[in-house]
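In what follows, a structure is listed as structure tokens, so that the remarks can point back to it.
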Amino acid sequence: MQSVSCQSMRAIEDRAFAVHSTAEALMDEAGYKIAQKILHYYPQLQHATAYLGKGHNAGDAIVVLQHLQQAGWTVNLQTPLRLNDFAPLTQKKINALGSEYLQNQQPPAPKSLLIDGLLGIGASGPLRDPITTLAKSINHHRNKLDCTVIALDIPSGVNGDTGEIAKNAVLADHTITIGYPKIGILKSNTVQHVGALSLVTLPELQPQNAELAHHPHLICEHTLTRKRRDFDTHKGQTGRVAIWAGSMGMLGAAELSATAALRAGAGLVTVFIEPSLYPILASMLPPEIMLRPCTSPLKILEERFDAIAIGPGIGSPSEDISNQLIEVVRQTSVPTVLDADMLNLIANQQALPELTHHCILTPHPGEMRRLLPNATRLSREETVKQFLELVPVTLLYKGARTLIAQTNSPLFINSTGSPAMATAGQGDVLTGLIAGLCAQKYDQLEASKIAVWLAGEAAQIALASGSETIETLTAGSILQHLHFAFSQLPRTT
Ligand SMILES: NC(=O)C1=CN([C@@H]2O[C@H](COP(=O)(O)OP(=O)(O)OC[C@H]3O[C@@H](n4cnc5c(N)ncnc54)[C@H](OP(=O)(O)O)[C@@H]3O)[C@@H](O)[C@H]2O)[C@@H](O)CC1
Ligand SMILES: Nc1ncnc2c1ncn2[C@@H]1O[C@H](COP(=O)(O)OP(=O)(O)O)[C@@H](O)[C@H]1O
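Numbering-wise, the working numbering puts 416 at position 416 of the sequence shown, and it's gapless, one number per residue.
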């Protein structure tokens, strides 16, 4: 979904008011949809405290509380403002909830949900009291009481246009933005304050092209679709994936990437492995995956594959194998995901300029520095731009907010994920997912967007369901929760 400036958001909102909508109708719709997101991601929290500023951002927070209350949660307010201090519509919403909540404010409960309803797109300048005190209180309770913070629209203190961060800005675990993502909260410097990102769409809000031009896009469930399968589909049509992965001590990477390709829906997945490692890997792999003992990566070129993945856990191959791997990339024209040590190999052999459109590169920042030493001096967004000026590939620049682009495409920024994913093997899973989707004829950009969104959503769902915590989540748990993530995506009509 394309991002907009706060000024454009206002213009879009004003046009909706001029035609058919009211601020109250939009607030009611936004509040309902935000509550559904909270119930989806944080069903176990059961207690919510909304921190209120004077504007409509606070009105949204009250509507959210009403829905959470209806779902059986206990709700609570924190604000020094009196009823008359609030915008008229926000007063109306407070009255609907019950103005006694203003008089009877309780400290938040441990491990509960804190809702930042302090400032939205009406914010200007550095934080002023009473907002500063309330923002400090949110951050304090997040730390001391292990609370989860949800920011509505924009974390208070983050500039919605520039991403500039004011002193005492709210540190949100998750920001639920309304209508369209605001440019400022997609900037990479804001990730610590924004956390995971969700969008609630309001169909009444219709931007004009000029309001959307040249801004990054948020990758979210509203813009992704998965393919419908004909009833008589057979496995030859759902795609064949070849994987060159794993080495002594790192065979798990082969297992994870191959399983991910299979679980992404690929019909046939074949792992090519050096013969000495065959017996060990054979005992690890799920039975559905084919394993081919093989001394030469060039063998991959002798069969028909719809997608290739090279790199997870390959370590430092011999010079001969390295040369052959580069040769496979040169000679094939099917989508080819290059990850991990394959990226280091490309950097060492200075093979980057030879890569073309069929290549999908998935560096994390360490790998990016080896490919593009200049990256250390650039922002993440500038790094992607400069990289794609050098090579016409599909690039996924991994991180807490993964960036995806091709030459001349907009910049796509992923919305899902969790710090729980800062653990080994997540990249291997991502590589397999991309290859599995490419094999099913998703185009490379689309496959990359879906894969990165699915992995992050699966992590969030694993945490929401209580079956994992930040500490226990593994790359394997992503695969176990993948079906929940897939089911969020609509099918193409
Ligand atoms: N767009 C949409 O379609 C929809 C929008 N909706 C929602 O409305 C929100 C926008 O609401 P809004 O216009 O009332 O502004 P909002 O940010 O709540 O408050 C601004 C007030 O705060 C104050 N203030 C400003 N800066 C400050 C600072 N640094 N430090 C301290 N105080 C500061 C300033 O008052 P002042 O102090 O100047 O008197 C100002 O009047 C939007 O983000 C979304 O949540 C949804 O309901 C439905 C659809
Ligand atoms: N804090 C985070 N928030 C969201 N996603 C994350 C976070 N940390 C890591 N990830 C995701 O996890 C994956 C890690 O990949 P990588 O570093 O290659 O792992 P590995 O090499 O161990 O397989 C990437 O897709 C990255 O975007």
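The C-beta atom is built at its ideal place from N, Cα and C for all residues, glycine as well.
The C-alpha of Leu262 lies about 43 Å from the C-alpha of Ala109.
By the neighbour-count criterion, in which a residue is buried when 16 or more other Cβ atoms sit within 10 angstroms of its Cβ, Lys182 is buried.
Between Leu152 and Asp60, the beta carbon gap of about 5 Å places them in contact (Cβ cut-off 8 Å). For Thr402, the shortest separation between its Cβ and any heavy atom of ligand 2 lies below 7 Å. Beta-bridge pairing by DSSP links Val158 to Ile165. Within the DSSP bridge table, the entry for Cys438 names no partner. Taking a cut-off of 8 Å on C-beta distances, the segment 224–243 does not touch the segment 416–426, as fewer than three cross pairs fall below it. Secondary structure note for Asp320: its alpha helix (DSSP H) is the uninterrupted segment Glu319 to Gln331.
Residue pairing of Asp230 in beta bridges, as defined by DSSP: absent, with no partner found. In terms of Cα proximity to Gln103, the closest of Arg10, Ala405 and Arg82 is Arg82. For Phe272, the three-state secondary structure derived from DSSP is strand. In the DSSP assignment, Gly125 falls outside any alpha helix (DSSP H) and carries neither an H nor an E. Distances from the CB of Leu268 to the heavy atoms of ligand 1 are all 7 Å or more. Counting only runs of 3+ residues, the beta strand (DSSP E) found wholly inside the segment 46–108 occupies 47–52 and 74–78, in chain order.
When only Cα atoms are considered, Lys398 and Pro365 end up about 7 Å apart. Going by DSSP, Ser477 is part of no beta strand (DSSP E) but of the alpha helix (DSSP H) stretching over Ala475 to Gln480. Per the DSSP secondary-structure output, Phe412 pairs in a beta bridge with His217 and Ile404.
The beta carbon of Ile165 is closer than 8 Å to those of Gly157, Val158, Asn159, Asn189, Thr190 and His193 in its chain, skipping five residues each way along the sequence. The count of Cβ pairs closer than 8 Å, one atom from the segment 429–447 and one from the segment 371–391, stays below three, leaving the stretches out of contact. By the C-beta density criterion, Gln460 is buried, having at least 16 other C-beta atoms within 10 angstroms. The closest heavy atom of ligand 2 lies less than 7 Å from the beta carbon of Gln426.
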